[in-house]
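Under my numbering, the residue at position 25 of the sequence shown is numbered 25, and the numbers go up by one with no gaps.
Heads up, the thing below is written out as structure tokens.
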Amino acid sequence: MRRSIATVSMPGNLRGNLEAIAAAGFDGIEIFEQDFIDEAGSPAEIGAMIRDKGLEIETFQPFRDFEGPTGAWRAVFDRAERRFDLM
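Here it is in structure tokens:
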């Protein structure tokens, strides 16, 4: 059985979280959109940093707050398109 944890469930920055996650013996992470925004580096560099800790990305939570915009649908769809590019 693989064990993973969502980065959004931990306080602090991604680098510190990866250290703690690897030290705790987890196999992978659910990475969160905000991790890519807050962390310096390209998605490829962040992926390499994760693999260097012996972890895998199990899932990616790319998008929140999609439903319910009032009159701002174009902005929501533009944001979704950027997330698909990241994935």
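The beta carbon of each residue, even a glycine, is placed where N, CA and C say it ideally should be.
Taking residue i and residue j to be in contact with their CB atoms under 8 Å, please state how far apart those CB atoms are, rounded to whole angstroms.
i, j, result
"Arg3", "Phe26", "5 Å"
"Ile29", "Ile46", "That pair is no contact at about 11 Å."
"Leu55", "Asp38", "Not really, about 18 Å apart at Cβ, beyond 8 Å."
Mark residue i as exposed unless 16 or more other C-beta atoms lie within 10 angstroms of its C-beta, in which case mark it buried.
i, result
"Asp35", "buried"
"Thr7", "buried"
In whole angstroms, what separates the C-alpha of residue i from that of residue j?
i, j, result
"Gln61", "Phe84", "11 Å"
"Glu19", "Ala48", "14 Å"
"Ala44", "Glu81", "19 Å"
The beta strand (DSSP E) spanning residue i covers which residue range?
i, result
"Glu56", "Glu56 to Gln61"
At what residues does the alpha helix (DSSP H) containing residue i begin and finish?
i, result
"Ala75", "Trp73 to Leu86"
Check: Quick one: complete beta strand (DSSP E) runs, 3+ long, within the segment 15-53?
Finding: Note on the segment 15-53: whole beta strand (DSSP E) runs with a minimum of 3 residues are 28-32, in chain order.
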